[in-house]
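Please read the structure below before turning to the comments.
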Amino acid sequence: MPTIGVGFTLINKVKNKWEAYDIDYLKSRGMNLSHEQYNIIVDYAKSKSNYRDTSHLKQ
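Take the position in the sequence shown, starting the count at 1, then add 44; the result is the number in our numbering.
Here you go:
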């Protein structure tokens with residue numbers, strides 16, 4: 045599960061799927077991610093929702 049700091053998760057389970065928090069929401073919380081970094085989080089959420097391996101997304 046991708047986290048920042050002491051465990052703020054960057055994705056959230058909504059019903060049966062995982063979704064990345066909106067980039068503007070993260071920015072409003074002081075997390076200024078590049079689009080490349082944010083896309084990794086989005087890809088992680090999609091992979092997790094579809095029960096696919098996420099090891100290739102680890103940084």
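By construction, the Cβ of each residue, glycine as well, lies at the ideal position given by its N, Cα and C atoms.
Quiz item: Out of curiosity, what's the CA-to-CA distance linking residue 75 and residue 97?
Solution: 26 Å
Quiz item: Helix, strand or coil for residue 83 per DSSP?
Solution: helix
Quiz item: Taking the alpha helix (DSSP H) that residue 71 falls in, what are its first and last residues?
Solution: 67 to 72
Quiz prompt | Identity of the residue in 58, 60, 65 nearest residue 52 by Cα | solution = 65
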